[in-house]
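Undergrad: Numbering-wise, full-length UniProt numbering puts 281 at position 281 of the sequence shown, and it's gapless, one number per residue.
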Amino acid sequence: MLINLSRHALGFTFRKELTQAISWVPSSSAFSRKYHIGGRGRSFAKRRDSRNAKYDDREARGRDDGSLLKQLRSVEVIRPPEEDFENVTLELLKEEKLIDNALHKAVSRMNFPSLTPVQQKTIKPVLQSENDVIARAKTGTGKTLAFLMPIIQHLINHRKESPYMVKCVIISPTRDLALQIESEYKKIQDKNYGLSKFKSMALIGGTNFDASMRKMFTLRPNIIVATPGRLNDVLSKFSHKFFRSVDFKVLDEADRLLEIGFEDEVKQISNTLNEINNEGPQHIRTLFFSATLGDNVQGLAEGVMNREKCLFLDTIDKNEPEAHEKVAQKLVICQTFAENVEAPINHVKQRLSQDDNYKAIIFVPTVSFTSFYCNLLKRLFPSFPIFEFHGKIDQKKRTRLVQEFKKLRRGLFVCTDVGARGLDFPGVEEVLQVGVPSELSNYVHRIGRTARAGKEGKATSFLFKEELPFVDLLSSARKIFIKDQSEYIEDPVLSEEVTEGMQSSEELSNSLQSLLSFYRANGSSYHFNNVRIARQIASSYGQLLKDSDLKIRCTEHDANLRFGIRGRLAHELFDLGTRRNYDDFYEKTPRNSRATHRSSRASRSHKFDERNFDKRDRRRSEDFKERFNKIGERTNFRVDKSL
1 MLINLSRHAL GFTFRKELTQ AISWVPSSSA FSRKYHIGGR GRSFAKRRDS
51 RNAKYDDREA RGRDDGSLLK QLRSVEVIRP PEEDFENVTL ELLKEEKLID
101 NALHKAVSRM NFPSLTPVQQ KTIKPVLQSE NDVIARAKTG TGKTLAFLMP
151 IIQHLINHRK ESPYMVKCVI ISPTRDLALQ IESEYKKIQD KNYGLSKFKS
201 MALIGGTNFD ASMRKMFTLR PNIIVATPGR LNDVLSKFSH KFFRSVDFKV
251 LDEADRLLEI GFEDEVKQIS NTLNEINNEG PQHIRTLFFS ATLGDNVQGL
301 AEGVMNREKC LFLDTIDKNE PEAHEKVAQK LVICQTFAEN VEAPINHVKQ
351 RLSQDDNYKA IIFVPTVSFT SFYCNLLKRL FPSFPIFEFH GKIDQKKRTR
401 LVQEFKKLRR GLFVCTDVGA RGLDFPGVEE VLQVGVPSEL SNYVHRIGRT
451 ARAGKEGKAT SFLFKEELPF VDLLSSARKI FIKDQSEYIE DPVLSEEVTE
501 GMQSSEELSN SLQSLLSFYR ANGSSYHFNN VRIARQIASS YGQLLKDSDL
551 KIRCTEHDAN LRFGIRGRLA HELFDLGTRR NYDDFYEKTP RNSRATHRSS
601 RASRSHKFDE RNFDKRDRRR SEDFKERFNK IGERTNFRVD KSL
């Protein structure tokens, strides 16, 4: 009844108390409560849970080839009969004359114990058919060899046809993955010099275009591994020179191509290759690999397929969770973000005390925090190999870092999500995650850097309590449940070591500011409370430096626009004011002093003292003075006509 009263009938205090009484919900611990998403109430949580329950099996249904039949209307989808794929071996492929003796020798010398399930399910159907192929396969399961072997066999079978033209184009979402695919191909070549006649080359951004073209004219490769942007540039200038005889195009990690925004570029590449092909626009065969097969991925597949029929090869069990089953996942919960910085260091310290040959990858959210954390680790573990890897490092150095870390038996690889896909480092026993990834799907790709090639691995995530909604979203949206959870117990000795290891408070400040921007941009997708997140990160500056009075120094403009923090909260969290380097600039530069400013203004005002006005200007000036004097009579103010 009271709620229906008009606003004017209720006093401000009473309205405030009534609102609080109506919206009151019993509080509970952040670690045990079920509804802690963005401060929303139980009704929202119930609606959310009902929607999730309604669509719980949506992803499972999307995995079936039935959904492909609905999406690929212009292509007939064929699912090969289920055979005893476990009996598919290299020897069997050779006996059935599906692969040449040279290819058999090369792969055998790589000392693989057996073909992986993905290779067993994929290689034979691709070799036996001339249709396009859509294969759903996880990363780290050997799918690179699954499409390289049929391509090499095709080159052997048609070695005399256009030997100096590109026969296969492999499109990769990232530069590092493209270089890795080319590296895998060269490993096969190195095992049998009879295959060295089939040259390969990577075309990626971040490299000199003219140098790449000179190499292409000299090498005349048969296989091109490329990123979409650079490949489009090459096709726009040299399509008829090299690409008129393409027989295969491979799209690796097609879902990632869409996530990055390469759909238009990929379709343009496909159309260009079809238009210039000597054998006709429908000649090129497409091998399409993706870890997921959503509607957008299927739409891309339909846009690049050329054949009337398409094989659908699903190498993943429908009931299998998306996270790799051989990765033991663990969650460490910290009370504060400062503890979240220290906890992974404590973990690494304990692991090194047990095994000096410890090899792991540490994922962090931003480039600036990557540099800060890597430098901190280097000062705390000076004799241990530690690498910094992110998108702002030039491509040549990134390639060198990847090759160096691959060769080592021990070390830490600190990187952003640029290293979450495609990179294959042998011997990585654990993946550590400090904070949340930029996208929910990247969690799966991060932990996929370990437990590769049939081996087991571990993945440990370090989150502070305000990030726990991420765990809920991971379980509801991806069906990934982290059962091994523990709370971090602070080590005072290590905490002092971390503080002493910080070389620059400015470096810490810059890294925390980058995190504030990151969480402001991505927090809503994880249902975070952005104010609580900002309070945790901002307060960690004083906590890590062991002085609670210290605050991050930034301008009010940055606090408002970059971090989304305004008003009293901004003054509470930050030391607002002009940046220190700007203060020094104004102090040291006489040009910006007040005296200089006054003299400059005076010189500008004297510039027109002797100006000669024409009759029209003088008449306008007199009219203005008369009108102004009429108004000024009321205030006893007049303009001197002699002016």
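Beta carbons: idealized from backbone N, C-alpha and C, even for Gly.
Could you please give me the residues that DSSP links to I223 through a beta bridge?
TA: In the sequence shown, counting from the first residue as 1, residue 223 sits at position 223. BP columns for I223 point to C168 and S200.
Undergrad: Grab me the residues of R351's own chain with a C-beta within less than 7 Å of its C-beta, minus the 5 sequence neighbours each way, in chain order.
TA: Taking the first residue of the sequence shown as position 1, residue 351 is located at position 351. For R351, where only same-chain residues beyond five positions count, the Cβ hits under 7 Å are Y358.
Undergrad: Three or more C-beta pairs closer than 8 Å, one from the region 524 to 538 and one from the region 464 to 482: is that the case here?
TA: At 8 Å Cβ cutoff, the stretches touch.
Undergrad: Here's a check: name, in chain order, each residue in its chain whose Cβ is nearer than 6 Å to the Cβ of D252, leaving out the five neighbours to either side.
TA: On the sequence shown, position 252 is the one that residue 252 refers to. Closer than 6 Å at the Cβ level, and outside the excluded window around D252, lie S172 and F289.
Undergrad: Skipping 5 residues on each side, what residues in its chain have a beta carbon closer than 6 Å to that of L544?
TA: The residue you call residue 544 lines up with position 544 of the sequence shown. Cβ within range, chain order: A338.
Undergrad: Would you call the region 482 to 493 and the region 397 to 414 touching, i.e. three or more CB-CB distances under 8 Å?
TA: No: fewer than three Cβ pairs fall under 8 Å.
Undergrad: So what's Q180 in DSSP terms, helix, strand or just coil?
TA: Taking the first residue of the sequence shown as position 1, residue 180 is located at position 180. Helix.
Undergrad: Confirm, please, whether the CB-CB distance from S200 to V225 is below 8 Å.
TA: On the sequence shown, residue 225 is found 225 positions in, with the first residue counted as 1. On the sequence shown, residue 200 is found 200 positions in, with the first residue counted as 1. In this structure, S200 lies closer than 8 Å to V225 by Cβ.
Undergrad: Check whether the Cβ atoms of V428 and K392 sit closer than 8 Å, and answer yes or no.
TA: Taking the sequence shown and counting its residues from 1, the one referred to as residue 428 is at position 428. Taking the sequence shown and counting its residues from 1, the one referred to as residue 392 is at position 392. Taking 8 Å as the Cβ cut-off, V428 and K392 do not qualify as a contacting pair.
Undergrad: Where DSSP assigns a beta bridge to E430, which residues make up the other side?
TA: Taking the first residue of the sequence shown as position 1, residue 430 is located at position 430. E430 is bridged to A360 and K458.
Undergrad: When you compare the CB positions of V434 and F462, do they come within less than 8 Å of one another, or not?
TA: For the purposes of this step, residue 434 is taken as the residue at position 434 of the sequence shown. For the purposes of this step, residue 462 is taken as the residue at position 462 of the sequence shown. Cβ atoms of V434 and F462: closer than 8 Å.
Undergrad: What is the C-beta distance between L573 and A521, in whole angstroms, given that I count them as a contact (C-beta under 8 Å)?
TA: Taking the sequence shown and counting its residues from 1, one reaches residue 573 at position 573. Taking the sequence shown and counting its residues from 1, one reaches residue 521 at position 521. No, L573 and A521 are not in contact; Cβ-Cβ is about 18 Å, not under 8 Å.
Undergrad: With a CB to CB cut of under 7 Å and the five nearest residues on each side skipped, what residues in its chain are close to L155?
TA: The residue labelled residue 155 in the question sits at position 155 within the sequence shown. K167, F198 and N222.
Undergrad: Quick check: the Cα distance between D314 and S438, rounded to an integer number of angstroms?
TA: Taking the sequence shown and counting its residues from 1, one reaches residue 314 at position 314. Taking the sequence shown and counting its residues from 1, one reaches residue 438 at position 438. If you take the alpha carbons of D314 and S438, they lie about 28 Å apart.
Undergrad: List the DSSP bridge partners of R553.
TA: Here residue 553 corresponds to residue number 553 of the sequence shown, with the count starting at 1. In the DSSP output, where bridge partners are listed per residue, R553 has D575.
Undergrad: Cα separation between Q153 and F248?
TA: If you number the sequence shown from 1, residue 153 lands on position 153. If you number the sequence shown from 1, residue 248 lands on position 248. Distance between the alpha carbons of Q153 and F248: 12 Å.
Undergrad: Count the other C-beta atoms from every protein chain shown that fall within 10 angstroms of the C-beta of Q513, then say buried if there are 16 or more, exposed otherwise.
TA: Start at 1 with the first residue of the sequence shown, and residue 513 comes out as number 513. Flag for Q513 reads buried.
Undergrad: Measure the C-alpha to C-alpha separation of Q128 and T218 and round it to an integer number of angstroms.
TA: By 1-based counting over the sequence shown, the position of residue 128 is 128. By 1-based counting over the sequence shown, the position of residue 218 is 218. Straight-line Cα distance between these residues: approximately 34 Å.
Undergrad: Check the DSSP bridge columns for E490 and list the partner residues they point to.
TA: The count along the sequence shown starts at 1 and reaches residue 490 at position 490. Answer by DSSP bridge pairing: none, since E490 is not bridged.
Undergrad: What do you reckon, are the CB atoms on G419 and G140 nearer than 8 Å?
TA: Taking the sequence shown and counting its residues from 1, the one referred to as residue 419 is at position 419. Taking the sequence shown and counting its residues from 1, the one referred to as residue 140 is at position 140. No. Outside cutoff.
Undergrad: Would DSSP call I386 helix, strand or coil?
TA: By 1-based counting over the sequence shown, the position of residue 386 is 386. Note: I386 maps to strand in three-state DSSP.
Undergrad: Compare the C-alpha of F518 against each of V133, L561, T399 and S486 and name the closest.
TA: What you label residue 518 is simply residue 518 of the sequence shown in a count that begins at 1. For F518, the nearest C-alpha among the options comes from L561.
Undergrad: Among all the DSSP beta bridges, which residues are the ones paired with K309?
TA: Here residue 309 refers to the residue found at position 309 of the sequence shown. K309 pairs with E76.
Undergrad: Are the Cβ atoms of E487 and I345 separated by less than 8 Å?
TA: As a first step, residue 487 must be located in the sequence shown, where it is residue number 487. As a first step, residue 345 must be located in the sequence shown, where it is residue number 345. Going by C-beta atoms, E487 is not nearer than 8 Å to I345.
Undergrad: In three-state terms, what does DSSP make of F613?
TA: By one-based count along the sequence shown, residue 613 stands at place 613. Because the pLDDT at F613 is just 48, under 50, the model does not fix this residue reliably, and the value given afterwards should be weighed accordingly. In the structure shown, F613 sits in coil (DSSP, three-state: anything other than H, G, I, E or B).
Undergrad: Strictly by DSSP, which residues pair up with C415?
TA: Counted from its first residue, the sequence shown places residue 415 at position 415. Bridge partners of C415: F363 and F389.
Undergrad: Taking the alpha-carbon positions, what's the L293 to A137 distance?
TA: Locating residue 293 in the sequence shown gives position 293, where the first residue counts as 1. Locating residue 137 in the sequence shown gives position 137, where the first residue counts as 1. Their backbone Cα atoms lie some 10 Å apart in a straight line.
Undergrad: Let's test the definition: count the other Cβ atoms within 10 Å of the Cβ of E95 and tell me whether it reaches 16, buried, or not, exposed.
TA: Looking up residue 95 in the sequence shown gives position 95. E95 should be labelled exposed.
Undergrad: To the nearest angstrom, report how far apart G564 and K479 are at their CA atoms.
TA: Position 564 of the sequence shown, counted from the first residue, corresponds to residue 564. Position 479 of the sequence shown, counted from the first residue, corresponds to residue 479. Cα to Cα, G564 sits roughly 32 Å from K479.
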